[in-house]
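Residue numbers (the working numbering): 15 to 324. C-beta: ideal position from N, C-alpha, C; glycine also.
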């Protein structure tokens, strides 16, 4: 069976510890604990001792699935479909406009999701597994920004708030990620810095999520905290002395922590096609809320996309 798009490390199947050689009966019990039905069709075992991995293929509603489990019954990976595990999508993001004198316009964003060999793709974050075992992975990564910041050219008619400013709606950060598989949850830590010399600042993120499969739909509730240093916040929300006027007084933004909650959803409605979605809420730090460029510090967003499975 060829692998496809959904990678769900960290989910937990409640079974007793099994021997190094997995029987069909034991494999079936794992499937029963993981999904509503399904019949085991093939078992493969790799490695030995604590690093041993069992690959179990099964069929449910005439669709093929594959799960990887260790000797403690912990689910390591989950695959669905007939192709390689990468989905290319074009998504639309709509969110509240926190910036003053800026319209709320949908933003089209290219999105890639999945794993391909040692490369991984998670929305706008992409990386390479430098080290990986069933509990933790360490990766160099890049973080793309398509939907943050303001467009000076898109200011409301008659507004001079962004005169002489450059757009800040795209940037690239690079750094490292540590990703932990904690049974039913996932813990993600990102440390990145600006690589385009736009602000030369640093960002640290920590996120906790809990992937769930419900009726063939992957749901991933998430809580995320992001620390921006003062260079990052000054670039997006500050006003330097030479650009100040009566409408936008000088403002030097401090570092701060932003909090976000959201739910990501993915559904394979056809073997080759996937629907992606996300709803989220973000609360920006007081150092951002106090900026003369900001209307409000609460942001609600909806994200929707259609992807093709390669």
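**Study point:** Reduced DSSP category for residue 70 - H, G, I as helix; E, B as strand; rest coil
**Key:** Walking along the chain shown from the start, residue 70 turns up at place 56. Residue state, collapsed to three classes: strand.
Check your understanding: Candidates 174, 199 and 193: which alpha carbon is nearest residue 307's?
Key -> Within the chain shown, numbered from 1, the residue matching residue 307 stands at position 293. Nearest of 174, 199 and 193 to residue 307, Cα basis: 174.
Check your understanding: So residue 204 and residue 189 are in contact, right, with Cβ under 8 Å, and what is the actual spacing, rounded?
Key -> As a working mapping, residue 204 is identified with position 190 in the chain shown. As a working mapping, residue 189 is identified with position 175 in the chain shown. 7 Å between Cβ atoms; contact.
**Study point:** Inter-residue spacing [alpha-carbon to alpha-carbon] between residue 277 and residue 237
**Key:** One-based indexing of the chain shown puts residue 277 at position 263. One-based indexing of the chain shown puts residue 237 at position 223. Those two C-alpha atoms are separated by around 9 Å.
**Study point:** In chain order, each alpha helix (DSSP H) run of at least 4 residues that lies wholly inside the stretch 224-266
**Key:** 244-251
Exercise for review: Rounded to whole angstroms, what's the CA-CA distance from residue 141 to residue 155? Just pull it up for me.
Suggested key: Locating residue 141 in the chain shown gives position 127, where the first residue counts as 1. Locating residue 155 in the chain shown gives position 141, where the first residue counts as 1. For residue 141 and residue 155, the distance between alpha carbons rounds to 4 Å.
Point to revise | Residues that DSSP places opposite residue 169 in a beta bridge | key: Indexing the chain shown from 1 puts residue 169 at position 155. In the DSSP output, where bridge partners are listed per residue, residue 169 has 116.
Review point. Run through DSSP, which three-state label would residue 96 get?
Key: Position 82 of the chain shown holds residue 96. Only weak support is given to the placement of residue 96: the predicted model assigns it a pLDDT of 43, under 50, and the question is left unresolved by the model.
Practice item. Tell me, please, which residues DSSP counts as bridged to residue 205. Key: For the purposes of this step, residue 205 is taken as the residue at position 191 of the chain shown. Per DSSP, 190 and 218.
**Study point:** Cα-Cα separation, residue 57 to residue 40
**Key:** As a first step, residue 57 must be located in the chain shown, where it is residue number 43. As a first step, residue 40 must be located in the chain shown, where it is residue number 26. The alpha-carbon atoms of residue 57 and residue 40 are separated by roughly 10 Å.
Review point. Can you name the start and end residues of the beta strand (DSSP E) that residue 279 belongs to?
Key: Counting from one through the chain shown, the residue named residue 279 turns up at place 265. Unbroken beta strand (DSSP E) run through residue 279: 270-284.
Practice item. State the Cα-Cα distance for the pair residue 167 and residue 44, rounded to the nearest angstrom. Key: Counted from its first residue, the chain shown places residue 167 at position 153. Counted from its first residue, the chain shown places residue 44 at position 30. Computed Cα separation, rounded: 56 Å.
Practice item. In the DSSP assignment, find the unbroken beta strand (DSSP E) run with residue 301 in it and report its ends. Key: For the purposes of this step, residue 301 is taken as residue 287 along the chain shown, with counting starting at 1. Looking at the DSSP string, residue 301 is not in any beta strand (DSSP E); the run it does join, the alpha helix (DSSP H), is 300-303.
**Study point:** Residues near residue 107 by beta carbon distance below 6 Å, same chain, minus five either side
**Key:** For the purposes of this step, residue 107 is taken as residue 93 along the chain shown, with counting starting at 1. Closer than 6 Å at the Cβ level, and outside the excluded window around residue 107, lie 121, 123, 161 and 317.
Check your understanding: DSSP state of residue 177, grouped into three classes?
Key -> As a position in the chain shown, residue 177 is number 163, starting the count at 1. In the structure shown, residue 177 sits in coil (DSSP, three-state: anything other than H, G, I, E or B).
Exercise for review: Leaving aside the five residues before and after residue 36 along the sequence, list all residues of the same chain whose C-beta is less than 8 Å from its C-beta, in chain order.
Suggested key: Looking up residue 36 in the chain shown gives position 22. The residues are 57, 59, 68 and 70.
**Study point:** Limits of the unbroken alpha helix (DSSP H) element including residue 46
**Key:** To locate residue 46, count along the chain shown from 1; it is residue 32. Residues 38-48.
Review point. Buried or exposed: where does residue 290 fall if 16 or more other Cβ atoms within 10 Å of its Cβ makes it buried?
Key: On the chain shown, residue 290 is found 276 positions in, with the first residue counted as 1. So residue 290 ends up on the buried side.
Point to revise | For residue 110, the three-state DSSP class (helix, strand or coil) | key: If you number the chain shown from 1, residue 110 lands on position 96. Of the three classes helix, strand and coil, the one that applies to residue 110 here is coil, per DSSP.
Check your understanding: So what does DSSP say about residue 77, is it helix, strand or coil?
Key -> On the chain shown, position 63 is the one that residue 77 refers to. If DSSP states are grouped into helix, strand and coil, residue 77 belongs with the strands.
Check your understanding: So, using beta-carbon positions, are residue 309 and residue 114 closer together than 8 Å?
Key -> To locate residue 309, count along the chain shown from 1; it is residue 295. To locate residue 114, count along the chain shown from 1; it is residue 100. Yes, these two residues count as a Cβ contact at 8 Å.
Check your understanding: residue 72: which of 209, 49, 87 and 256 sits nearest, CA to CA?
Key -> As a working mapping, residue 72 is identified with position 58 in the chain shown. With distances taken between Cα atoms, residue 72 lies closest to 49.
Check your understanding: Which two residues bound the contiguous beta strand (DSSP E) that contains residue 158?
Key -> Here the question's residue 158 lines up with position 144 in the chain shown. Where residue 158 is concerned, the enclosing beta strand (DSSP E) stretches over 150-159.
Check your understanding: What separation, rounded to the nearest whole angstrom, lies between the Cα atoms of residue 81 and residue 279?
Key -> Numbered from its first residue, the chain shown carries residue 81 at position 67. Numbered from its first residue, the chain shown carries residue 279 at position 265. When rounded, the distance between both Cα atoms is 20 Å.
Point to revise | Through-space distance from residue 242 to residue 271, alpha-carbon basis | key: If you number the chain shown from 1, residue 271 lands on position 257. If you number the chain shown from 1, residue 242 lands on position 228. Rounded to whole angstroms, residue 271 to residue 242 spans 6 Å at the Cα level.
Check your understanding: Under 8 Å, do residue 138 and residue 320 count as touching if we go by C-beta distance?
Key -> Residue numbering aside, residue 138 sits at position 124 when the chain shown is read from its first letter. Residue numbering aside, residue 320 sits at position 306 when the chain shown is read from its first letter. Cβ distance not < 8 Å, so residue 138 and residue 320 don't count as in contact.
Practice item. Tell me whether residue 182 sits in a helix, a strand or coil according to DSSP, three-state version. Key: As a first step, residue 182 must be located in the chain shown, where it is residue number 168. Reduced to three states, the DSSP call for residue 182 is coil.
Review point. Hey, quick one: how far does the beta strand (DSSP E) through residue 290 stretch, first residue to last?
Key: Counting from 1 along the chain shown, the entry for residue 290 is found at position 276. Unbroken beta strand (DSSP E) run through residue 290: 287-297.
Point to revise | Residues near residue 226 in its chain [Cβ-Cβ closer than 6 Å; skip 5 each side] | key: Locating residue 226 in the chain shown gives position 212, where the first residue counts as 1. If we look at residue 226 and ignore the five residues flanking it on each side, its Cβ neighbours are 233.
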